[in-house]
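Engineer: This is the structure, below, for whatever I ask next.
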DNA sequence: TAGTGGTCTAGACCACATA
DNA sequence: ATGTGGTCTAGACCACTAC
């Protein structure tokens, strides 16, 4: 006897810590409330700061916490549900679109985008950068790629400010035949991170969309959503959308 | 003069390291190839192992690497594209379904699930556990919640093995009016992690689906996909699905 | 038994926000 | 100037796999 295998679970400290903190957040803190700083918390739980941080990192990944350098760690509100279609088959930039155009350049398509569009490598594309703001917070940034061949009517000589809207306007002249989407996990590149008010490398949900017209891919977009604050919704049911209003579906993960 | 602000970028080491490794993976390694171990790599780059690990963690998050304790770090294949509907409005468990039933129990619905279903807290639900295997690899695990009220015809006295399939069969008798979905980032709970052959806390994409029938929510499911190996596809275009076959859409994130 | 990745420590310094 | 989270180090030991 002796080693009767008590407490044999061998759960990592940071995992147990995460559970404890998660419960504490539910019972002892309110949304927006600021937590004690990392050094104090680590001392309070009798662990090294790195271990405490491992737990905080996971909680932030799950959308329970928000950390900001120089400020502190706060309790995050429930994730925002953002609709990612298909509300209907509509071109980007249609009326009541959730996005606003930030800029636009014309350049050769990078290789992965060319593959997405099914065009040759060196094809020129208009690249429209847009952003999506919900409740005052930037939640997504997007690059929309439109081959010049898709918008033949586009006038030359546009001011930079008019370039993006003009591309979208020309796009609307085409008959949208369908879309498809893919969602995957990524980490924010420097530029996206800045726009999303996060540090580079922050976890993001990357939504890749292809727009079909004239029997091929007329445009494609890569949208980058903050994974910590967003829940992407795909409202496929025709009628019953109105019934519910984003109940909190956070899981006890 | 003097401090002419050369190299003022101040890019974190792990971030630069990640870039270097990412490029090396493209040019010097093949899919499935095993990398030098972490201690060697850290020494080679002149950084602490923890710093090297920070870079590897991000690359794994992005699906570029796969690490297994006791084995090593290997170059991951491109992410698998898994279809998450709506290929059509069909009940779970229909023919040609990508899922297989693992088990089923009847119990009170946990609070978040009750909210999802729009039922009372203590309502009894059948909980069907299913799993999804693609190319021999488990990519997702799911819990499907069916209120007993949705399947009134279900016979009592079922063997455990027959319970799940029977629930699905009864469900098919209902008229499916619509579905909606949400996708968010989470971390694998212990049980899901085991089923997905990952460690607890691994990043997962959580897909929450509601099935509407008889003017309400007749069932709901929470599916947990491996975020490192999966790209969730939503094929919304009617006709053009066949044209393409999952080009590699990995971005240079 | 040897070698791998996973966890953990106790420090240090830096970048950033705020007062 | 102070306090916060972010980065980094140089170790140590553990859990797991495979030989």
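Protein chains in written order, with UniProt numbering: chain A, 1 to 253; chain B, 1 to 253.
By construction, the Cβ of each residue, glycine as well, lies at the ideal position given by its N, Cα and C atoms.
For residue 170 of chain A, which option in A:134, A:189 and A:213 has the closest C-alpha, if you only look at C-alpha atoms?
Structural biologist: Nearest of A:134, A:189 and A:213 to residue 170 of chain A, Cα basis: A:213.
Engineer: If we call anything under 8 Å between Cβ atoms a contact, is residue 52 of chain B one with residue 185 of chain A?
Structural biologist: In this structure, residue 185 of chain A does not lie closer than 8 Å to residue 52 of chain B by Cβ.
Engineer: As an exercise, report each continuous alpha helix (DSSP H) stretch of at least 4 residues that is fully enclosed by the stretch 104-188 of chain A, in chain order.
Structural biologist: Qualifying alpha helix (DSSP H) stretches, in chain order: 111-117 and 160-171.
Engineer: Just to confirm, is the Cβ distance from residue 228 of chain A to residue 200 of chain A under 8 Å?
Structural biologist: For residue 228 of chain A and residue 200 of chain A, no; Cβs fall outside 8 Å.
Engineer: Tell me whether residue 229 of chain B sits in a helix, a strand or coil according to DSSP, three-state version.
Structural biologist: Residue state, collapsed to three classes: coil.
Engineer: Which residues bound the beta strand (DSSP E) around residue 195 of chain A?
Structural biologist: Per DSSP, residue 195 of chain A belongs to no beta strand (DSSP E); it is in the alpha helix (DSSP H), 190-196.
Engineer: Against residue 132 of chain B, what residues of chain A qualify as contacts under a CB-to-CB distance less than 9 Å, listed in chain order?
Structural biologist: In chain order: nothing, as chain A lies at least about 16 Å away.
Engineer: Could you check what DSSP says for residue 68 of chain B in three-state terms: helix, strand or coil?
Structural biologist: In this structure, residue 68 of chain B counts as strand in the three-state DSSP scheme.
Engineer: Does chain B have any CB closer than 8 Å to the CB of residue 27 of chain A?
Structural biologist: Taking Cβ atoms only, chain B never reaches closer than 8 Å to residue 27 of chain A, which makes this a no.
Engineer: Find out if the Cβ-Cβ distance for the pair residue 220 of chain A, residue 117 of chain A is shorter than 8 Å.
Structural biologist: Result yes, Cβ atoms of residue 220 of chain A and residue 117 of chain A sit closer than 8 Å.
Engineer: Quick check on the DSSP output: the alpha helix (DSSP H) that includes residue 20 of chain A runs from which residue to which?
Structural biologist: Residue 20 of chain A -> alpha helix (DSSP H) spans 13-28.
Engineer: Return the residues of the stretch 181-192 of chain A that lie within a Cβ-Cβ distance of less than 9 Å from chain B, sorted by chain order.
Structural biologist: Under the 9 Å Cβ criterion, the stretch 181-192 of chain A contributes 181, 182, 183, 184, 185, 186, 187, 188, 189, 190 and 192.
Engineer: 8 Å is my cut-off, CB to CB: does residue 233 of chain A come that close to chain B?
Structural biologist: True, the Cβ-Cβ gap to chain B drops below 8 Å.
Engineer: Would you call residue 135 of chain A buried or exposed, if buried means 16 or more other Cβ atoms sit within 10 Å of its Cβ?
Structural biologist: Its Cβ having fewer than 16 others within 10 Å, residue 135 of chain A is exposed.
Engineer: Which residues, in chain order, does the UniProt domain "HTH gntR-type" (11-78) of chain A contribute to contact with chain B at a C-beta distance below 7 Å?
Structural biologist: Within the UniProt domain "HTH gntR-type" (11-78) of chain A, the qualifying residues are 15, 58, 61 and 62.
Engineer: Counting pairs of Cβ atoms below 8 Å between the stretch 75-92 of chain A and the stretch 37-52 of chain A, do you hit three or more?
Structural biologist: Segments in contact, no.
Engineer: Under 8 Å, Cβ to Cβ, is there at least one residue of chain A near residue 120 of chain B?
Structural biologist: No, because no Cβ of chain A sits closer than 8 Å to the Cβ of residue 120 of chain B.
Engineer: Does DSSP put residue 210 of chain B in a helix, in a strand, or in coil?
Structural biologist: Residue 210 of chain B falls in the strand class under three-state DSSP.
Engineer: Within 8 Å, do at least three Cβ pairs link the stretch 72-81 of chain B to the stretch 144-164 of chain B?
Structural biologist: Not touching, per the Cβ criterion.
Engineer: Tell me which same chain residues have a C-beta within less than 8 Å of the C-beta of residue 175 of chain A, skipping the five on either side of it?
Structural biologist: Cβ neighbours of residue 175 of chain A beyond the five flanking positions: 213 and 214.
Engineer: In or out: residue 122 of chain B buried (at least 16 other Cβ within 10 Å) or exposed?
Structural biologist: It is exposed - the Cβ of residue 122 of chain B has fewer than 16 other Cβ atoms within 10 Å.
Engineer: Beta-carbon of residue 140 of chain B versus every beta-carbon of chain A: anything under 8 Å?
Structural biologist: It does not: the Cβ of residue 140 of chain B has no partner Cβ on chain A nearer than 8 Å.
Engineer: Which residue from A:96, A:101, A:84 and A:132 puts its Cα closest to that of residue 197 of chain A?
Structural biologist: Nearest option by C-alpha distance: A:132.
Engineer: Got a sec? Which residues, its chain only, sit under 6 Å from residue 231 of chain A by beta carbon, not counting five neighbours each side?
Structural biologist: 79 and 81, listed in sequence order.
Engineer: DSSP three-state label for residue 205 of chain B, please.
Structural biologist: Strand at residue 205 of chain B.
Engineer: Output the boundary residues of the alpha helix (DSSP H) element that contains residue 40 of chain A.
Structural biologist: Residue 40 of chain A -> alpha helix (DSSP H) spans 38-45.
Engineer: Tell me whether residue 48 of chain B sits in a helix, a strand or coil according to DSSP, three-state version.
Structural biologist: Coil at residue 48 of chain B, not helix or strand.
Engineer: Checking contacts by CB at 8 Å: is residue 164 of chain A closer than that to chain B?
Structural biologist: No, no contact with chain B.
Engineer: Since residue 210 of chain A and residue 217 of chain A should fall inside the 8 Å C-beta cutoff, what is the C-beta to C-beta distance between them, to a whole number of angstroms?
Structural biologist: At roughly 5 Å, the Cβ-Cβ gap stays under 8 Å, so residue 210 of chain A and residue 217 of chain A are in contact.
Engineer: Once DSSP output is grouped into helix, strand and coil, what is the label at residue 219 of chain A?
Structural biologist: Correct three-state label for residue 219 of chain A: strand.
Engineer: Assign residue 6 of chain A to buried or exposed, taking buried as 16 or more other Cβ atoms, counted over all protein chains shown, within 10 Å of its Cβ.
Structural biologist: Note that residue 6 of chain A scores 43 on pLDDT, short of 50, meaning its location in the model is unreliable; the coordinates nonetheless yield the value given after this. It is exposed - the Cβ of residue 6 of chain A has fewer than 16 other Cβ atoms within 10 Å.
Engineer: Closer than 6 Å by C-beta to residue 283 of chain B: which residues in its own chain qualify, once you throw out the five before and the five after it? Chain order, please.
Structural biologist: Chain B is shown only over 1 to 253; residue 283 of chain B falls outside these bounds and no answer can be derived.
Engineer: With distances taken Cα to Cα, identify the nearest neighbour of residue 56 of chain B among B:38, B:161 and B:104.
Structural biologist: Comparing Cα positions, the closest option is B:38.
Engineer: Counting only beta-carbon separations shorter than 8 Å, does residue 200 of chain A have a partner in chain B?
Structural biologist: Closer than 8 Å: yes.
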